[in-house]
């Protein structure tokens with residue numbers, strides 16, 4: 032099941048008394064700490080949640096939530112166990128039903144404990160965008176490798192060897208062999224042979240670049256890392272880039288013999304940089320469209336109106352944004368009660384989550400943004416949208 036399908040399935044879980052969402056991130060660096068901090072952070076947040084539910088009342092709800100958290104102790108212990116798989120783990124549990132869902136992936140989460148009527152999926156939406164499938168092409172004198180990076184993990188798809196006359200090419204050193212029928216000096220023969228080898232290698236590289244472009248198109252990749260010797264990555268990129276619209280990042284990292292998990296680890300920072308650049312472009316596109324009177328929206332009110340009308344193609348929201356608003360019975364969202372349609376609605380303390388749900392319900396993409404992209408949204412309530420029309 033894809034991560035998007037998992038998110039949609041989680042959003043079908045509802046509990047009016049409460050649905051508990053717990054996220055934790057465990058990186059190797061954190062796991063090596065003498066006294067790991069994530070178990071303490073989660074236990075403290077659970078303690079604070081119990082107190083908040085007690086203060087808010089009613090008492091019957093507090094009892095139900097308190098007992099449910101106690102009953103989840105075993106599940107929570109497993110979630111926090113550093114020896115288990117996954118840098119990012121999450122648990123979702125209904126309060127009034129015996130329903131627990133867990134997941135793990137190689138993209139770590141920030142520690143969070145949220146109680147709402149639906150699953151808190153914003154970290155998963157971020158992972159869906161950050162960890163979407165992408166390509167890694169490795170080129171070297173002995174051949175090429177193609178891998179797919181997805182949610183922090185790598186899978187090798189193909190490995191092609193460069194051969195001459197059906198034999199794997201390996202450069203050899205030492206004196207040229209004696210050839211009594213060839214009057215040319217040995218050094219000249221060796222140089223001419225090396226030149227032919229290089230021409231064949233460039234032809235092989237360009238052919239593989241076209242294959243990679245086809246693979247990127249069929250798999251829907253919009254990002255590709257090209258790694259290897261610059262003398263080979265340059266012609267590879269020249270052949271590849273006009274064939275597709277993916278973001279291309281070229282690096283001289285040598286991954287010809289590295290294991291996929293090592294490549295996945297080193298590629299993650301590169302993909303994060305590409306994601307940051309893409310988020311900035313999306314925000315700038317939404318801003319430019321809006322200011323030119325085109326298909327864009329800036330600010331909470333305009334974006335909510337566009338969401339309610341089903342016109343949003345890409346919802347852009349500051350990853351740390353928090354809004355309160357109003358929600359009607361039919362799922363429409365409003366910034367405040369001054370709108371006539373909001374007068375019969377209920378207050379919504381987690382408006383951003385409802386906005387994300389609304390975006391998914393209307394087949395829009397939701398992209399939480401950080402860093403420079405979030406800064407561009409600061410004067411627009413931390414939210415913008417690219418519209419369909």
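Numbering (the working numbering), first residue to last: 32 to 420.
We put the beta carbon where it would ideally sit given N, CA and C, even for glycine.
Proximity below 7 Å, CB of residue i to CB of residue j
i           : j           : result
residue 373 : residue 365 : yes
residue 110 : residue 122 : yes
residue 330 : residue 411 : yes
residue 317 : residue 405 : no
residue 346 : residue 395 : yes
residue 299 : residue 165 : no
residue 76  : residue 131 : no
residue 169 : residue 269 : no
residue 254 : residue 305 : yes
residue 399 : residue 175 : no
residue 355 : residue 382 : yes
residue 142 : residue 63  : no
Assigned secondary structure, residue i (DSSP; H/G/I helix, E/B strand, else coil)
i           : result
residue 123 : strand
residue 397 : strand
residue 202 : Model confidence at residue 202 stands at a pLDDT of 44, short of 50, so the residue's coordinates are unreliable and nothing is read from them.
residue 69  : helix
residue 135 : strand
residue 180 : strand
residue 87  : helix
residue 344 : strand
residue 264 : helix
residue 172 : coil
residue 118 : coil
residue 287 : coil
residue 377 : strand
residue 56  : strand
residue 307 : helix
residue 408 : coil
residue 331 : helix
residue 163 : coil
residue 113 : coil
residue 207 : Because residue 207 carries a pLDDT of 45, less than 50, the predicted location of this residue cannot be relied on, and no value is offered for it.
Candidates the options, of which the one nearest residue i by Cα
i           : options            : result
residue 283 : 259, 408, 127, 125 : 259
residue 343 : 349, 379, 367, 392 : 392
residue 290 : 240, 187, 309      : 187
residue 388 : 33, 358, 83, 84    : 358
residue 48  : 236, 302, 92, 265  : 92
residue 118 : 301, 105, 136      : 136
Span of the alpha helix (DSSP H), counted from its first residue to its last, around residue i
i           : result
residue 105 : 104-110
Contact belief for residue i with residue j at Cβ below 8 Å, rounded distance in angstroms
i           : j           : result
residue 417 : residue 313 : 7 Å
residue 2   : residue 321 : Beyond the ends of the chain as shown, which are 32 and 420, falls residue 2; an answer cannot be given.
residue 42  : residue 149 : 6 Å
residue 256 : residue 138 : Not really, about 17 Å apart at Cβ, beyond 8 Å.
residue 271 : residue 147 : About 45 Å; that fails the 8 Å criterion.
residue 94  : residue 126 : Their Cβ separation, rounded to whole angstroms, is 10 Å, which puts residue 94 and residue 126 out of contact at 8 Å.
residue 39  : residue 182 : Actually they are not in contact, since the Cβ atoms of residue 39 and residue 182 sit about 16 Å apart, beyond 8 Å.
residue 134 : residue 37  : 6 Å
Residue interval of the beta strand (DSSP E) (run including residue i)
i           : result
residue 39  : Counting along the chain, residue 39 falls outside any beta strand (DSSP E), though it belongs to the alpha helix (DSSP H) covering 34-42.
residue 145 : 143-149
Cutoff 7 Å: residue i Cβ touching any chain C Cβ
i           : result
residue 193 : Any reference to chain C falls outside this structure, which holds one protein chain only.
Near the ligand FMN: residue i beta-carbon under 6 Å from a heavy atom
i           : result
residue 371 : As far as ligands go, the structure on display features none, and thus does not contain the ligand FMN.
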